[in-house]
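Just so you know, my numbering puts 112 at position 32 of the first sequence, and the rest follows in order with no gaps.
Working notes, beginning with the structure itself.
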Amino acid sequence: MESRYNPRQVEEKWYRFWEENEFFHVQPDSGKQPYCIVIPPPNVTGILHMGHALNNTIQDILIRWKRMQGYCTLWIPGTDHAGIATQNVVERQLAKEGLSREDLGREKFLQRVWEWKEKYGSTIVNQLRKLGASCDWRRERFTMDDGLSEAVITAFIQLFNRGLIYRGNYIINWCPRCKTALADEEVEYQEQEGFLYYLKYPVIGEKRKFVTVATTRPETMLGDVAVAVHPDDERYEFLKDKKLLLPLMKRELVIVKDEIVDPEFGTGAVKVTPAHDPADFEIALRHKLKPVIVMDQAGKMNENAGKYKGLDRFEARKQIIKDLESQELVEKIEPYIHSVGHCYRCNTVIEPYISRQWFVKMRPLAKPAIKVVKDGKIKFYPPRWEKVYLHWMENIKDWCISRQIWWGHRIPVYYCRNCWREESEYDFTPKDVNSLKGVIVSAVKPERCPECGGNDFIQDEDVLDTWFSSWLWPFSTMGWPKIKKRSPHSIKEGEKLNDLDYFYPTSTLVTAQEILFFWVARMIMAGMEFIGEEPFRDVYIHGTVRDEKGRKMSKSLGNIIDPLEIIQEYGADALRFSLISITAMGQDVYLSRDKFISGRNFTNKIWNAARFLIMNIGELKEIRIDRVSVFDAWILTVLNQLITDVNQSLSEYNFNESASLLYEFFWHKFCDWYIEIKKKDLYSGDELKSTQAKIILIYILDNILRLLHPFMPFITEEIWQKIKPFLPLAYSSLGKEYRDFPTIMIATWPEVDDRIHDPRSVELMSRVIEIIQAIRNIRAELNVPPAKKINVILAGEDGEILDLFDRNREYIMPLATLDDIEIHRQDIERPDGSAFGTAGRVNIYLLLQGIIDIQKEKQRLRDKREKFYQDLENVVAKLENKEFIAKANPQVVAKVRERKKELEGAIQELNSILDSL
RNA sequence: GGGCGGGUAGUUCAGUGGGAGAACGCCUCGCUUACAACGAGGAGGUCGAAGGUUCAAUUCCUUCCCCGCCCACCA
Numbered sequence: 081m082e083s084r085y086n087p088r089q090v091e092e093k094w095y096r097f098w099e100e101n102e103f104f105h106v107q108p109d110s111g112k113q114p115y116c117i118v119i120p121p122p123n124v125t126g127i128l129h130m131g132h133a134l135n136n137t138i139q140d141i142l143i144r145w146k147r148m149q150g151y152c153t154l155w156i157p158g159t160d161h162a163g164i165a166t167q168n169v170v171e172r173q174l175a176k177e178g179l180s181r182e183d184l185g186r187e188k189f190l191q192r193v194w195e196w197k198e199k200y201g202s203t204i205v206n207q208l209r210k211l212g213a214s215c216d217w218r219r220e221r222f223t224m225d226d227g228l229s230e231a232v233i234t235a236f237i238q239l240f241n242r243g244l245i246y247r248g249n250y251i252i253n254w255c256p257r258c259k260t261a262l263a264d265e266e267v268e269y270q271e272q273e274g275f276l277y278y279l280k281y282p283v284i285g286e287k288r289k290f291v292t293v294a295t296t297r298p299e300t301m302l303g304d305v306a307v308a309v310h311p312d313d314e315r316y317e318f319l320k321d322k323k324l325l326l327p328l329m330k331r332e333l334v335i336v337k338d339e340i341v342d343p344e345f346g347t348g349a350v351k352v353t354p355a356h357d358p359a360d361f362e363i364a365l366r367h368k369l370k371p372v373i374v375m376d377q378a379g380k381m382n383e384n385a386g387k388y389k390g391l392d393r394f395e396a397r398k399q400i401i402k403d404l405e406s407q408e409l410v411e412k413i414e415p416y417i418h419s420v421g422h423c424y425r426c427n428t429v430i431e432p433y434i435s436r437q438w439f440v441k442m443r444p445l446a447k448p449a450i451k452v453v454k455d456g457k458i459k460f461y462p463p464r465w466e467k468v469y470l471h472w473m474e475n476i477k478d479w480c481i482s483r484q485i486w487w488g489h490r491i492p493v494y495y496c497r498n499c500w501r502e503e504s505e506y507d508f509t510p511k512d513v514n515s516l517k518g519v520i521v522s523a524v525k526p527e528r529c530p531e532c533g534g535n536d537f538i539q540d541e542d543v544l545d546t547w548f549s550s551w552l553w554p555f556s557t558m559g560w561p562k563i564k565k566r567s568p569h570s571i572k573e574g575e576k577l578n579d580l581d582y583f584y585p586t587s588t589l590v591t592a593q594e595i596l597f598f599w600v601a602r603m604i605m606a607g608m609e610f611i612g613e614e615p616f617r618d619v620y621i622h623g624t625v626r627d628e629k630g631r632k633m634s635k636s637l638g639n640i641i642d643p644l645e646i647i648q649e650y651g652a653d654a655l656r657f658s659l660i661s662i663t664a665m666g667q668d669v670y671l672s673r674d675k676f677i678s679g680r681n682f683t684n685k686i687w688n689a690a691r692f693l694i695m696n697i698g699e700l701k702e703i704r705i706d707r708v709s710v711f712d713a714w715i716l717t718v719l720n721q722l723i724t725d726v727n728q729s730l731s732e733y734n735f736n737e738s739a740s741l742l743y744e745f746f747w748h749k750f751c752d753w754y755i756e757i758k759k760k761d762l763y764s765g766d767e768l769k770s771t772q773a774k775i776i777l778i779y780i781l782d783n784i785l786r787l788l789h790p791f792m793p794f795i796t797e798e799i800w801q802k803i804k805p806f807l808p809l810a811y812s813s814l815g816k817e818y819r820d821f822p823t824i825m826i827a828t829w830p831e832v833d834d835r836i837h838d839p840r841s842v843e844l845m846s847r848v849i850e851i852i853q854a855i856r857n858i859r860a861e862l863n864v865p866p867a868k869k870i871n872v873i874l875a876g877e878d879g880e881i882l883d884l885f886d887r888n889r890e891y892i893m894p895l896a897t898l899d900d901i902e903i904h905r906q907d908i909e910r911p912d913g914s915a916f917g918t919a920g921r922v923n924i925y926l927l928l929q930g931i932i933d934i935q936k937e938k939q940r941l942r943d944k945r946e947k948f949y950q951d952l953e954n955v956v957a958k959l960e961n962k963e964f965i966a967k968a969n970p971q972v973v974a975k976v977r978e979r980k981k982e983l984e985g986a987i988q989e990l991n992s993i994l995d996s997l
């Protein structure tokens, strides 16, 4: 074995071994308890970033832990077709060839997207393999697979039949670049510096009278149809029966009174642009105003914009202000910070826009989804997310599900060419599609129109929002709708369970806070609606991975730390362990490259400890171990405690705590103390002693490897396979049953052994450690060469610990580089030439006569102290100098004060060392 | 405007009604046959500020100040 762990050599090997032997694959097993996680499907366009790495490490830890505990454990992987994102990627590719999707046409374009998917779509799942994710790849799904597409269509039709789907002209969020509608959640608001423009609208029939309105988007004035004021606003009483003139367009505007207007804001008068502002749209509905659409789908001004037709919206803004200024109709322009909506896929400024879209009525779906959380059937970790969830659910708005793109599930609605008439674009009443003539909702193209008997149909051009397939993920991946979940009592004894019967509801959902509304909330609604049961029991929401400055990692900021690079450099185990160590429940993770060093160092430590044991193990003979030393009892008891604590923290999703427990035990108990103590036996030449030592060392190593395996799957497997041949013998020597497994990943999870439970040994050992550390401390402070063996006298009333030292002197002496220990069961007078220290109720005398020159050492320390005194005097003088205090930079003064404290501390310390000599 | 999270060592962060911790960095000593990616020792913090509850507060309560996030019809 090499002295350094080399992850590259082992990771690929073991992953292939696991996957080829199908250790990840399971079928429902009624003899076991199920444990199931569905992966938050990454976008097919995705490449593994730290957020994925964290998310999937957490899932893999849970899965591997439960699998070893004996659950029938299933982790379903897959990818999301990510409608807009994927379409954008392929469109960019086409653009390089000078083509647009329109050039290709719908069919050819979709073919191109599928080709892209076949070629690049498995990038991210292969990267998950590198991370060590133990997904059941035989069940890998894609949201546009046949089965999942069927689920989407079925869900749409079911909602339609329940009257929960409607079509309507409504104001929605429009991305002028993607040329599609977006759901409210798909808009990202960013604070931006802009201007608030105060525009003067002349009052008709009055000379030199104006109403001033404020707006951040002057170009929308072209679509103004009214000005609204608060009903109680007396300032505008004079406008009764008056109208305003819309400048530039010479259109008459009515005055409407509406409660929504805040008299405090701006001038208290609001221009009303129903076609381009959601609030104005609502006002228009209330007052029966007809909207004027002044932009096209690309965000350019249209024919309703008069002479501004063809201008981009931002160009138009400049031009309009210029024109208004020349007519002296701009009262003022103030700098203004406001939040502007951006497309979450391409970051273009969103335009509120009236268009015909499909919607889902959400209130009826939200109701059971609220109840199931309130009833405690779904628990959030950390719990604060429950409030966030409920607040959103209780104020839920209808979901715009249609998208004007091509890549996705096409809406299963057909229009009869013969009898269907498109409703007016100014008809704003939501349409129950059943009431529309010639509109047919159907999974397949209908044969005949039920209205007129026609047989010529066109399908709706739109596709469904990506999340309309994602929200079905927990059960569509299990075969719904072909497979149905049956109620437990309808299943006959011995009858085969299907995946839904067995694995649904899944156990834990592990996800990021960003998609709580997008995905988590909607999955709960879908689960209740389509299966009648919650989709998961626990929701663990981890934090966002950010850079060291707290910014999100993004390509444009160039602050990405690539997990694959970290894997290449330090190994997947180091990446996983480091990530998990710094992830406190639900807290954001601030990451920098050096965070991974501690994980890498830990893998190396594990490697070398194992290397040491394997090198020393030689041949092992079976013996009967029925008596163990206090040290053995200590490590076995601490191991018991570790098992309990790791189970506890994992079941509470305190992953960082589990990680630090394991780290602490392995490094600072097992390596620092237990192995060091056992070296005596290993090197003793006494076969019984060395065999017993080997057996317990191997046994502990086996246990810790199993406990570490969920966190660090690769290195634990590599080492475990090397020690595996010795395990049957080690187990039987300890009187334990050993079960053989081909891989550690399905080996049994360690259990607490009640036969070995000796809290007394733990108490004693902590005092032993304390005394040894005190000895080392004195040695270091007095400059005793680390390799120089010395004698120590321990004296005092603590008979118990003194006995322990007495009996185990040969184990303890190497730990402190001692030549001999002399024990006195009562205190003694301090011998000449000794240094003094205490630990608990034990006095420690280090016999340094002849080792160091005590007088000389004393003199050295006194000299040192003298120097400090002089420095201190100078510092104090400086601080008492009023001129200095008055003139000097406060930072300098603070530094001098700090130095004073430092010196005082150092002097005090030297005094205490001198006292002990 | 409403809500949430955070402010603890030089840095990044755990944690707790009674003893202040880890990693990385720093200082001293040591390449002692598992590991220098190591070992031994050490320095370093009025736990954001002010009040209150308590025998006891970094921890619980109130107010305030900074940082971050989410939600909202910020015209």
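Note that beta-carbon positions come from the ideal geometry of N, C-alpha and C, so glycine has one too.
Asked	Found
Buried or exposed: where does threonine 724 fall if 16 or more other Cβ atoms within 10 Å of its Cβ makes it buried?	exposed
Counting pairs of beta carbons, one from the region 328-341 and one from the region 423-431, are three or more of them closer than 8 Å?	no
Please determine, among Ile826, Asp833, Gln853 and Ala713, the residue with the shortest C-alpha to C-alpha distance to arginine 841.	One point to set straight first is that residue 841 is serine, not arginine, in the sequence displayed. Minimum Cα distance to serine 841 is reached at Ala713.
Looking at C-beta atoms only, is the number of pairs between the region 322-330 and the region 391-406 that lie closer than 8 Å three or more?	yes
In whole angstroms, give me the CA-to-CA distance for valine 832 and methionine 825.	19 Å
So the beta strand (DSSP E) alanine 689 belongs to, where does it begin and stop?	No beta strand (DSSP E) contains alanine 689, which is instead part of the alpha helix (DSSP H) from 677-697.
How is the beta strand (DSSP E) around threonine 771 delimited, first residue to last?	Not the beta strand (DSSP E): threonine 771 falls in the alpha helix (DSSP H), residues 767-788.
Helix or strand or just coil, what does DSSP make of alanine 355?	coil
Check serine 556 in the structure and name its three-state DSSP category.	helix
Which residues in the same chain have their Cβ closer than 6 Å to the Cβ of valine 193, if we skip the five residues on either side of it in sequence?	Val170 and Trp487
Measure the C-alpha to C-alpha separation of aspartate 883 and histidine 904 and round it to an integer number of angstroms.	10 Å
If you follow the alpha helix (DSSP H) that threonine 586 is in, where does it begin and where does it stop?	Here threonine 586 belongs to no alpha helix (DSSP H); instead the beta strand (DSSP E) covers 586-592.
In terms of DSSP beta bridges, what is proline 256 paired with?	Partner(s): none; proline 256 has no beta bridge.
Within the same chain, show all residues whose beta-carbon is closer than 7 Å to that of methionine 442, passing over the 5 residues directly before and after it, in chain order.	Ile476, Lys477, Asp478 and Trp479
Given a cut-off of 8 Å, decide if glutamate 850 and alanine 919 are closer than it, judged by their beta-carbon atoms.	yes
Measuring straight from C-alpha to C-alpha, what distance separates glycine 612 and phenylalanine 598?	20 Å
So what's valine 305 in DSSP terms, helix, strand or just coil?	coil
Smallest Cα separation from proline 911: which of Leu926, Phe275, Ile595 and Leu898?	Leu926
Identify every run of the beta strand (DSSP E) within the region 132-194, keeping only runs that are complete inside it and at least 3 residues long; order them along the chain.	152-156
Quick check on methionine 1032: does DSSP put it in helix, strand or coil?	Not covered by the structure: residue 1032. The range shown for the chain is 81 to 997.
For cysteine 751, which three-state DSSP category applies?	helix
With a threshold of 6 Å on Cβ separation, who are the neighbours of tryptophan 687 within its own chain once the five nearest residues in sequence on each side are excluded?	Tyr85
Assuming phenylalanine 806 and alanine 739 are in contact, meaning their beta carbons sit under 8 Å apart, how far apart are those beta carbons, in whole angstroms?	Not really, about 27 Å apart at Cβ, beyond 8 Å.
Which residue marks the beginning of the beta strand (DSSP E) containing glycine 421, and which one marks its end?	410-423
In chain order, what residues of the same chain lie with their CB nearer than 8 Å to the CB of arginine 1025, ignoring the 5 residues before and after it?	Past the boundaries of the shown model lies residue 1025; the chain is included only from 81 to 997, so the question cannot be answered.
Expressed to the nearest angstrom, what Euclidean distance is found between the alpha-carbon atoms of tryptophan 98 and methionine 558?	23 Å
Determine whether the beta carbon atoms of leucine 722 and phenylalanine 791 lie at a separation below 8 Å.	no
Does DSSP put arginine 656 in a helix, a strand or coil?	helix
Is it true that the CB of valine 625 sits closer than 8 Å to the CB of isoleucine 138?	no
For the region 340-400, list the beta strand (DSSP E) runs that are entirely contained and at least 3 residues long, ordered along the chain.	349-352
On a Cα-Cα basis, can you pick out the residue from Gly917, Gly303, Val341 and Ser229 that is closest to isoleucine 373?	Gly303
Among residues of its own chain, excluding the 5 on either side of isoleucine 458, which ones have a beta-carbon nearer than 8 Å to its beta-carbon?	Val452, Ile604, Glu614, Phe616, Arg617, Asp618 and Val619
Whole-angstrom Cβ separation of arginine 787 and isoleucine 799, contact assumed at under 8 Å?	It is leucine, not arginine, that sits at residue 787 in the sequence shown. The pair is not a contact, with the Cβ atoms about 13 Å apart (cut-off 8 Å).
State the DSSP-derived secondary structure class of glycine 985, mapped to helix, strand or coil.	helix
Here's the rule I'm using: 16 or more other beta-carbon atoms within 10 Å means buried, otherwise exposed. How should alanine 966 be labelled?	exposed
With a Cβ-Cβ cutoff of 8 Å, do cysteine 116 and phenylalanine 583 count as a contact?	yes
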